[in-house]
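Respectively, the protein sequence lines represent chains L and C. Count along the first sequence from 1, then add 2; that gives the number in the working numbering. Count along the second sequence from 1, then add 2; that gives the number in the working numbering. Where is the CB? At the ideal position from N, CA and C, for every residue including glycine. Values in this document were obtained by computation on a predicted structure and should not be read as measured data. Shown next, in structure tokens, is the structure this report addresses.
2 protein chains.
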Amino acid sequence: MRTKTRIAKSIFLTFVTIGIIALILAGCEVRIEGEMGDNLSAWNDGAAKQAIIEFVKEVTDKNNPNYVDPADRVATFDNDGTLWAEKPIYFQLYFLLQQVKDQAKNHPEWPEQQPFKAVLEDDRETMKTFQVSDLLNLALASHSGMTQEEFEATTRAFITTAKHPEKDVLFTELVYQPMLELLDYLRDNDFKVFIVSGGGIDFIRAFSEEVYSIPKEHVIGTAIQADFISEEGKSYLKRFPMIVPPIDDKEGKPVNLHRFIGRRPILAFGNSDGDIQMLQYAADGDGLSLCLLLHHDDAAREWAYDRNSSVGHLDKGLAEAKARGWTVVSMKNDFKKVFPSE
Amino acid sequence: MRTKTRIAKSIFLTFVTIGIIALILAGCEVRIEGEMGDNLSAWNDGAAKQAIIEFVKEVTDKNNPNYVDPADRVATFDNDGTLWAEKPIYFQLYFLLQQVKDQAKNHPEWPEQQPFKAVLEDDRETMKTFQVSDLLNLALASHSGMTQEEFEATTRAFITTAKHPEKDVLFTELVYQPMLELLDYLRDNDFKVFIVSGGGIDFIRAFSEEVYSIPKEHVIGTAIQADFISEEGKSYLKRFPMIVPPIDDKEGKPVNLHRFIGRRPILAFGNSDGDIQMLQYAADGDGLSLCLLLHHDDAAREWAYDRNSSVGHLDKGLAEAKARGWTVVSMKNDFKKVFPSE
Numbered sequence: 003m004r005t006k007t008r009i010a011k012s013i014f015l016t017f018v019t020i021g022i023i024a025l026i027l028a029g030c031e032v033r034i035e036g037e038m039g040d041n042l043s044a045w046n047d048g049a050a051k052q053a054i055i056e057f058v059k060e061v062t063d064k065n066n067p068n069y070v071d072p073a074d075r076v077a078t079f080d081n082d083g084t085l086w087a088e089k090p091i092y093f094q095l096y097f098l099l100q101q102v103k104d105q106a107k108n109h110p111e112w113p114e115q116q117p118f119k120a121v122l123e124d125d126r127e128t129m130k131t132f133q134v135s136d137l138l139n140l141a142l143a144s145h146s147g148m149t150q151e152e153f154e155a156t157t158r159a160f161i162t163t164a165k166h167p168e169k170d171v172l173f174t175e176l177v178y179q180p181m182l183e184l185l186d187y188l189r190d191n192d193f194k195v196f197i198v199s200g201g202g203i204d205f206i207r208a209f210s211e212e213v214y215s216i217p218k219e220h221v222i223g224t225a226i227q228a229d230f231i232s233e234e235g236k237s238y239l240k241r242f243p244m245i246v247p248p249i250d251d252k253e254g255k256p257v258n259l260h261r262f263i264g265r266r267p268i269l270a271f272g273n274s275d276g277d278i279q280m281l282q283y284a285a286d287g288d289g290l291s292l293c294l295l296l297h298h299d300d301a302a303r304e305w306a307y308d309r310n311s312s313v314g315h316l317d318k319g320l321a322e323a324k325a326r327g328w329t330v331v332s333m334k335n336d337f338k339k340v341f342p343s344e
Numbered sequence: 003m004r005t006k007t008r009i010a011k012s013i014f015l016t017f018v019t020i021g022i023i024a025l026i027l028a029g030c031e032v033r034i035e036g037e038m039g040d041n042l043s044a045w046n047d048g049a050a051k052q053a054i055i056e057f058v059k060e061v062t063d064k065n066n067p068n069y070v071d072p073a074d075r076v077a078t079f080d081n082d083g084t085l086w087a088e089k090p091i092y093f094q095l096y097f098l099l100q101q102v103k104d105q106a107k108n109h110p111e112w113p114e115q116q117p118f119k120a121v122l123e124d125d126r127e128t129m130k131t132f133q134v135s136d137l138l139n140l141a142l143a144s145h146s147g148m149t150q151e152e153f154e155a156t157t158r159a160f161i162t163t164a165k166h167p168e169k170d171v172l173f174t175e176l177v178y179q180p181m182l183e184l185l186d187y188l189r190d191n192d193f194k195v196f197i198v199s200g201g202g203i204d205f206i207r208a209f210s211e212e213v214y215s216i217p218k219e220h221v222i223g224t225a226i227q228a229d230f231i232s233e234e235g236k237s238y239l240k241r242f243p244m245i246v247p248p249i250d251d252k253e254g255k256p257v258n259l260h261r262f263i264g265r266r267p268i269l270a271f272g273n274s275d276g277d278i279q280m281l282q283y284a285a286d287g288d289g290l291s292l293c294l295l296l297h298h299d300d301a302a303r304e305w306a307y308d309r310n311s312s313v314g315h316l317d318k319g320l321a322e323a324k325a326r327g328w329t330v331v332s333m334k335n336d337f338k339k340v341f342p343s344e
């Protein structure tokens with residue numbers, strides 16, 4: 003009898019222990035679920051944060067009619083002005099200007115040729131008159147002629163050392179803390195997060211993994227052509243100065259994102275009129291979607307601009323957001339913190 | 003004293019229980035590691051299977067000098083003749099011929115125009131003389147003019163109902179069981195697995211998730227252009243008859259795969275001379291790589307062909323494999339089972 007009691011006690015204690023462990027594990031899960039949205043700590047409580055949490059809750063709840071299979075949980079983000087700052091000019095332009103200067107020795111014709119002449123002479127008055135075609139010429143000329151690996155190394159060197167002209171920090175320090183949290187929050191909820199940028203695809207890939215935890219294959223941008231070359235037992239891709247159509251801006255964004263991803267996003271986040279078509283494409287799919295525009299209205303902590311800005315011009319987007327009920331995120335009111343270092 | 007003993011016993015039992023649970027969990031891990039390569043059960047033991055297991059072991063072992071970070075574990079697979087059969091003609095061609103017939107009512111000029119005339123009249127003699135340019139004309143004409151969603155629906159309908167002309171099964175039943183296992187095995191070892199096919203990107207995406215568990219965004223192929231159209235509160239992509247250069251074959255494969263993925267593969271698997279450049283690109287990167295060619299030498303269970311075949315032509319590839327030590331996989335000797343239904 004004594005022995006039986008002991009055995010019974012042992013079994014009882016074993017079950018209690020298992021029970022305690024099970025409770026601890028269950029507790030973990032409850033805690034994780036209870037935290038929903040709590041890791042969006044750089045966001046102020048408000049309509050924008052609420053809309054995000056509500057949307058994620060609906061599409062991830064199997065019992066909700068708006069439930070979306072993880073395979074279809076595609077979220078697309080613009081880069082310049084949405085994930086990091088874009089003032090006074092798109093950060094890639096500094097790289098481009100540097101590249102033109104560095105490569106000038108191989109181009110004796112550039113000092114006499116616009117738009118190169120203005121760049122080499124630092125002629126800001128002329129540079130202010132540059133059209134999109136001038137910038138495209140500069141980009142094509144300075145971003146081609148090398149191998150993919152050489153271009154990546156040059157970009158890495160720039161992005162890890164070059165400083166912003168006004169704020170004395172690396173460009174990569176001007177990413178938005180609330181957006182980093184949002185990317186994590188979406189991934190934690192089994193979203194596939196992509197960048198869809200008008201900027202160069204290979205430029206962004208040089209820092210996307212480190213800065214945004216977005217793998218290179220989830221970066222979509224304007225691409226230039228390359229040739230495959232195999233010689234002397236080595237093979238490489240050599241970049242040549244031609245755009246892969248379309249340029250990844252405006253109507254080009256939905257075209258390119260579908261080419262890369264194969265489905266419509268259910269969440270799209272931009273900040274300028276160049277993002278409207280991407281948001282329309284997300285909004286017009288079947289099922290629930292969330293479209294967001296970041297409004298730069300915080301001159302104290304960042305910059306304030308919309309209708310009258312050439313960089314990040316936002317005008318029609320605000321009207322469309324109002325008409326369609328898209329979420330306008332106010333940097334001033336919705337961002338508790340702007341940059342990670344704050 | 004009795005009480006203290008009891009408490010001591012309780013604590014002891016608790017620790018024993020925790021120990022047992024820990025052992026069970028540890029046992030699971032040991033079991034999983036012990037299974038390395040065991041889930042390649044449709045492969046015969048031999049040099050090919052051994053090369054795969056050895057390669058995966060090296061690149062996933064942190065203490066091995068050939069260790070590769072998961073972010074860089076990119077594996078690329080050709081589709082036709084590598085993941086599924088391709089005889090007597092590429093399966094997409096049946097779809098294309100069907101599409102031409104279905105769309106003929108909207109093209110009164112086709113019955114008088116080659117290559118359409120031959121397709122509509124089922125004139126096999128003329129069809130045998132088709133050049134690549136003829137097939138491209140047929141593909142561009144029959145795969146454009148509709149929205150992306152309409153094209154996907156048509157493709158889905160075909161792929162889920164159309165039967166192979168010689169074997170009375172769906173085309174998707176002619177995937178290779180050893181390759182399905184290899185895809186799983188690589189993913190289990192944190193590889194990112196991509197298809198890189200000369201075939202149409204949207205055609206393959208219509209079944210890649212279901213058949214290969216490869217998400218649409220991991221499918222790379224020949225793409226055609228599209229326009230973004232927004233009208234009456236709806237927006238969609240309309241396909242138009244122009245290739246996005248380059249065609250995803252031969253030199254085009256490394257160009258396109260890098261455009262989509264942003265890095266070189268460390269493992270590349272093909273079956274024809276159209277895959278050589280993709281394998282070269284993988285082989286010529288830094289670090290360890292594994293290049294494989296499937297050799298169709300099994301007339302009894304599948305088809306036997308190489309140098310004299312127009313479909314899946316393999317000649318230079320065999321020479322290059324010999325010279326570079328690439329792994330030639332013999333369907334006859336290395337595949338224990340060919341198709342899942344066997």
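{"Query": "Interface residues of chain L facing R265(C) [CB-CB closer than 7 Å]", "Result": "K218"}
{"Query": "Segment contact, 8 Å Cβ cut-off, at least three pairs: the segment 292-303 of chain C with the segment 260-277 of chain L", "Result": "no"}
{"Query": "Inter-residue CB distance, P247(L) and Q227(C) (contact presumed, cutoff 8 Å)", "Result": "7 Å"}
{"Query": "Selected residue, minimal CA-CA separation from S215(L), among E233(L), S232(L), D204(L) and F196(L)", "Result": "F196(L)"}
{"Query": "Counted within 10 angstroms of its Cβ, other Cβ atoms place G327(L) as buried (16 or more) or exposed", "Result": "exposed"}
{"Query": "Beta-carbon neighbours of D286(L), restricted to chain C and to distances below 9 Å", "Result": "S232, G235, K236, S237 and Y238"}
{"Query": "Any non-hydrogen atom of the ligand HEM closer than 7 Å to E322(L) Cβ", "Result": "In terms of ligand content, the structure shown is empty, and the ligand HEM therefore cannot be addressed."}
{"Query": "8 Å Cβ cutoff, Y69(L) in contact with chain C", "Result": "no"}
{"Query": "For K194(L), the residue or residues it bridges with in DSSP", "Result": "V76(L)"}
{"Query": "Cβ neighbours of A87(L) in the same chain (closer than 7 Å, five flanking residues each side left out)", "Result": "L176 and E304"}
{"Query": "Interface positions of the segment 314-344 of chain L facing chain C (Cβ-Cβ less than 7 Å), listed along the chain", "Result": "none"}
{"Query": "C-beta contact flag for W112(L) and A120(L) at 8 Å", "Result": "no"}
{"Query": "Min CB distance E212(L) to chain C below 8 Å", "Result": "no"}
{"Query": "6 Å CB neighbourhood of K324(L) in its chain, flanking five on each side removed", "Result": "none"}
{"Query": "Complete runs of the alpha helix (DSSP H) confined to the segment 58-123 of chain L [at least 4 residues]", "Result": "93-105 and 118-122"}
{"Query": "Opening and closing residue of the alpha helix (DSSP H) in which R241(C) lies", "Result": "No alpha helix (DSSP H) holds R241(C); the beta strand (DSSP E) holding it covers K236 to I245."}
{"Query": "Beta bridge counterpart(s) of D229(C) as assigned by DSSP", "Result": "K240(C)"}
{"Query": "Buried versus exposed, by CB contacts within 10 Å (16 or more), F242(L)", "Result": "exposed"}
{"Query": "Identified DSSP bridge partners for L292(C)", "Result": "L269(C)"}
{"Query": "D229(C) beta carbon less than 8 Å from that of D275(C)", "Result": "no"}
{"Query": "Chain L contact for E253(C) (CB, 8 Å cutoff)", "Result": "yes"}
{"Query": "Endpoints, the beta strand (DSSP E) within which S332(C) is located", "Result": "T329 to S332"}
{"Query": "Within chain C, partners of A44(L) - CB distance below 9 Å", "Result": "None at all; the shortest Cβ gap to chain C is about 26 Å."}
{"Query": "Closest by C-alpha distance to A159(C), when choosing among T84(C), F209(C), T78(C) and P72(C)", "Result": "F209(C)"}
{"Query": "V340(L) - DSSP class collapsed to helix/strand/coil", "Result": "coil"}
{"Query": "Given A49(C) as reference, the closest of F337(C), P342(C), T131(C) and E344(C) once Cα atoms are compared", "Result": "F337(C)"}
{"Query": "Neighbouring residues, chain C, relative to Q279(L) (Cβ below 8 Å)", "Result": "F230, S232 and S237"}
{"Query": "Per-residue DSSP class, three states only, for T131(C)", "Result": "coil"}
{"Query": "Boundaries (first-last residue) of the beta strand (DSSP E) holding I206(L)", "Result": "Counting along the chain, I206(L) falls outside any beta strand (DSSP E), though it belongs to the alpha helix (DSSP H) covering I203 to R207."}
{"Query": "Contact list for the segment 127-145 of chain L against chain C, Cβ threshold 7 Å", "Result": "none"}
{"Query": "Those residues which DSSP pairs with A306(C) across a bridge", "Result": "D299(C)"}
{"Query": "Bridge partners - K218(C), DSSP secondary structure assignment", "Result": "None; K218(C) has no bridge partner."}
{"Query": "Beta-carbon gap between T162(L) and F205(L) smaller than 8 Å", "Result": "no"}
{"Query": "Paired residues, beta bridge with V177(L) - DSSP", "Result": "W86(L)"}
{"Query": "is_contact[A270(C), chain L] using C-beta, thresh 8 Å", "Result": "no"}
{"Query": "C-alpha distance - V340(L) paired with Q133(L), whole-angstrom precision", "Result": "31 Å"}
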